Amino acid sequence: MKESLPPKIFLILFKWFCHPNLHSYIEGDLIELYQEKVEESGKLKANLKFLIDILLLFRPSIIRPISGFHHLNHYGMFKNFLKIGWRNLHKNKGYSSINIGGLSISMTVAILIGLWVWDELSFNKNHENYDRIGQVMRSGTLNGSTFTYPYLPYALGGELQNAYSEDFKHIIIASLPGEHLLTRENDKLIRKGIFLEKGGPEMFSLNMLKGTKKGLAALHSIMLSASSALSLFGDENPVGKSITLDNEIEVLVTGIFADFPHNSQLHNIEFLMPWELYLANNPWMENQGFKNNSLHIYAELKPQVSFQEASQHIKEAIFNKVQDDADMVKVHPQIHLHPMSRWHLYNEWENGKSTGGLIKFVWLFGIVGLFVLLLACINFMNLSTAFSEKRAKEVGVRKSIGSVRSQLITQFYTESFLMVLLAFIFAIFLTTFSLSWFNEWSGKQLDMPWDNLYFWLISFAFILFTGFVSGSYPAFYLSSFNPIKALKGAGTLGNRAVIPRRILVIIQFTVSITLIIGTITVFKQVQFVKDRPIGYSRDNLLMVRMTTEDFYLKYDVLENELMNSGAVKVVSRSLSPVSAVWSSNGGFEWRGMDPAWQQEDFATLSVTSTYGKTVGWQFLDGRDFSRDLASDSIGFVINESAAKIMGFEYPVGEVVKWNYTDKRYNIIGVIKDMIMGSPYSTPMPTIFYQGGSLNWINIRINPEIKTQTGLSKIESVFNKVLPNVPFKYQFANQNYAVKFIAEERIGNLSGVFTLLAIFISCLGLLGLVSFVAEQRSKEVGIRKILGASTIKLWKMLSLDFIILVLISCLIAIPIAYYLMNGWLQSYEYRISISWWIFILSSLGAMLVTLITVSFQTLKSALMNPVKSLRSD
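Just so we're aligned, residue 1 is where the sequence shown starts under the working numbering, counting upward by one.
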């Protein structure tokens, strides 16, 4: 078995400072202890213990000597600086705890955010040729608005392969991801996969565990992910063995690939099958030309070709082929390539161009991390300068015996870096133990990158940056003291120290209040969208996808059994689930339609007559479909958005021609908009009709029985009628909740980080108030003897800080409004930022400030004046 070794960066660090004569002996012992710890507690705890052991060995008897008198002198001086720094930390425990605690918490936040940002930025970069892979996107113009989407016609794939082969190494046609039933003997799995052309595995650089990347050459073949293969075959070698797809098609396993990592756009794809097999089961696609947009096309560029060049070449590929279609010419379809490196973070489009997407959250989190770190640095600078008067005589003595300013600056920087290094060590511990919580809240699978050299280089730069920023002002401020004044006890610089300190407090609370306003705005936006009317009832609504032919053959029996079970109120079928729109069409004509109006796609959803009762349609006019009326087979139920586009004052009874079916339909009802797509966008104009494809079963559970009881009965019916199909269901309310996950996660994490930012600010404020109270203790004692009340003393000590926070509020409000208003513009359905958010945030900041300040000021005001004046 291969022996476990500690991270190389730790070994390099130890070798750097250890005496050469001792290095090999000590390192060997350390590695032995490390390997024992790995067996006992695991690699993570062993890494932490190894790092602690190395740091504890950084002492004079172990570290390497530095040759030469000149170097020895500097070395001795450096050791002296470290000793003094350590003694000062030990002497001022409260001050040290506030500084190191604040820095370590802020560093933990910064490291966690850094890991999250790195994971987001590295999305899809695990694919070998990610920088040359792109997805073909289609754009067009309708009524002055430009749309962009990735759905394309089958004929385009052949056109790109034949006419533009000089630009591309691969052109790969792929189906949309879909769930299918995989069966091997008694083992049944429903897994998501795609059908794609045989060059796909090579283009996406699959990590093959068994078989080769040419596994899609045969018509009836399948390539499984490692997890799917394990579920179906256990420890057996699956290659060469057969499984059944959807209880219909027998396919041969030709390869096993490693599961796609979580930060790949393909992470949920668990099997691959040949595109030719998909085409064999859907032969109608070959006759659709450039009209039906229902698949994806991926391309890999040749090395010498850029995305911009290739996009320019293929721009008019569809338009050139549809010159005989007047509607298509009006839309003027164009295509371009969307680079793989931008799929995840730049998935929003405006006027045919990528304008952003999740990248806004990366920026948001990055800024929050920097702000939190900045708050801790401000604490450090404020407290260091505030406590400088205690060290004024030390500076005076050092200058008197020959220390130059550069040496003093070095001393204070040494102390700064010592404190930052200690804070970083604590931050590593905090990060390690909080990572599982962070992963749960952020939906990530992050690990501590112990073996990643870049992580340690960035950490080293991180320590340098924080040390310089935190120690710069104290170093230059303290070293500027006049030695004579310092020895006389007059080392303060008056307003030269007070004004910068006040500015830093204002910056600190401006950042905190901005974060508070931002967090409240995010929560309000998410809640606002959650509370919007959705046009149907999603509670107790169950959805089941019809994955095999058995569903269609036995549906009538299944429906009867469900209705007779007592667990179901009503059952229906539809093309897509209630929470999504999978089909859109144009080609509609109606009375009074403007001839100059460009045809806009309507969401089109084929349903059965009981669909409206199942989901709970809310009618504005007209009626629902009826199973007893044959005329309803050419009837439309439309939503209010569709009614507005058509311009009818009374839509019911109007006739709409649909060129796709070449039929005329009567509008029989108008319903409130159903939120089936993004809840942050305006609903699509939607037409419901009978007679199309039906792929989903919708079940309204009987409200008179418990949901779990009803679910159990429904499962029994499915297992009885469809014994060869696993019962897999979705609840409509859970599907709807998924639409808010990204914003909710960002809101929750922002809330936690904001609380930490406020806590860090209050830590610094508490330390600063403690210093001011101590500095003015004699003044407080004299005033108390002369009759000053506790309230007056509290007001005297607190007023300055309250004024500073008020100024921070005035600065933070316009900044927060500008930032959050810009963020809200990315949502069509959004809140207006209410004035009470600013008032509440400001009052909250004031309340926290008062509590923090009052804790120390009241303590000082209530202190016996004899204690502060007894030495005078």
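By construction, the Cβ of each residue, glycine as well, lies at the ideal position given by its N, Cα and C atoms. Predicted, not measured: the structure shown is a model, and the values here were computed from it.
Look at the Cβ atom of residue i, then the Cβ atom of residue j, and state whether they are nearer than 7 Å.
i, j, result
"residue 581", "residue 674", "no"
"residue 653", "residue 619", "no"
"residue 659", "residue 575", "no"
"residue 763", "residue 52", "no"
"residue 259", "residue 227", "yes"
"residue 557", "residue 725", "no"
"residue 9", "residue 456", "yes"
"residue 853", "residue 801", "yes"
How would you call residue i, buried or exposed, if buried means at least 16 neighbouring beta carbons within 10 angstroms?
i, result
"residue 431", "buried"
"residue 719", "exposed"
"residue 810", "exposed"
"residue 897", "As shown, the chain starts at 1 and ends at 872. That puts residue 897 outside it, with no answer to give."
"residue 835", "exposed"
"residue 855", "exposed"
"residue 197", "buried"
"residue 509", "buried"
"residue 743", "buried"
"residue 309", "exposed"
"residue 567", "buried"
"residue 649", "exposed"
"residue 73", "Because residue 73 sits at a pLDDT of 49, beneath the cut-off of 50, its placement in the model cannot be relied upon, and the following sentence gives the value as read from the coordinates. Exposed."
"residue 808", "buried"
"residue 550", "buried"
"residue 627", "exposed"
"residue 288", "exposed"
"residue 379", "buried"
"residue 461", "exposed"
Can you tell me the Cα-Cα spacing of residue i and residue j, whole angstroms?
i, j, result
"residue 71", "residue 19", "Residue placement at residue 71 is flagged as unreliable, the pLDDT there being 45, under the threshold of 50; the coordinate-derived value follows with that caveat. One C-alpha to the other measures close to 16 Å."
"residue 244", "residue 352", "42 Å"
"residue 539", "residue 609", "21 Å"
"residue 290", "residue 268", "29 Å"
"residue 90", "residue 421", "16 Å"
"residue 428", "residue 417", "16 Å"
"residue 167", "residue 129", "15 Å"
"residue 845", "residue 786", "34 Å"
"residue 323", "residue 316", "11 Å"
"residue 573", "residue 639", "19 Å"
"residue 664", "residue 593", "15 Å"
"residue 476", "residue 87", "21 Å"
"residue 730", "residue 686", "23 Å"
"residue 139", "residue 272", "28 Å"
"residue 526", "residue 842", "22 Å"
"residue 68", "residue 62", "Unreliable placement is indicated for residue 68, whose pLDDT of 45 sits below 50; the coordinate value is still reported in the next sentence. Roughly 19 Å separates the two Cα atoms."
"residue 1", "residue 11", "The pLDDT assigned to residue 1 is 46, lower than 50, so where the model puts this residue is not dependable, and the model offers no usable value."
"residue 666", "residue 739", "34 Å"
"residue 294", "residue 263", "26 Å"
"residue 133", "residue 127", "9 Å"
So, under 8 Å CB-CB, residue i and residue j are touching, yes? Tell me the CB distance rounded to an integer number of Å.
i, j, result
"residue 754", "residue 434", "Between residue 434 and residue 754 the Cβ distance is about 16 Å, and since that is not below 8 Å, they are no contact."
"residue 297", "residue 318", "Between residue 318 and residue 297 the Cβ distance is about 11 Å, and since that is not below 8 Å, they are no contact."
"residue 257", "residue 206", "4 Å"
"residue 409", "residue 459", "Going by Cβ atoms, the distance from residue 409 to residue 459 rounds to 24 Å, so no, they are not a contact pair."
"residue 173", "residue 220", "No, residue 173 and residue 220 are not in contact; Cβ-Cβ is about 19 Å, not under 8 Å."
"residue 756", "residue 425", "Not really, about 19 Å apart at Cβ, beyond 8 Å."
"residue 548", "residue 181", "6 Å"
"residue 450", "residue 21", "With a Cβ gap of about 29 Å, residue 450 and residue 21 do not count as contacting."
"residue 179", "residue 190", "5 Å"
"residue 147", "residue 277", "Going by Cβ atoms, the distance from residue 147 to residue 277 rounds to 31 Å, so no, they are not a contact pair."
"residue 50", "residue 34", "5 Å"
"residue 218", "residue 254", "7 Å"
Which partner residues does residue i have in the DSSP bridge list?
i, result
"residue 18", "63"
"residue 603", "584, 686"
"residue 174", "196, 296"
"residue 208", "257"
"residue 873", "What the structure shows of the chain is the stretch from 1 to 872, and residue 873 is not part of that stretch, so it cannot be assessed."
"residue 697", "544, 573"
"residue 414", "According to DSSP, residue 414 bridges with nothing at all."
Would you check whether the ligand HEM has a heavy atom nearer than 6 Å to the C-beta of residue i?
i, result
"residue 839", "Because no ligand of any kind appears in the structure shown, any question about the ligand HEM cannot be addressed here."
Does residue i get closer than 7 Å to chain D when you measure Cβ to Cβ?
i, result
"residue 265", "Among the chains of the structure shown, chain D does not appear; only one protein chain is present."
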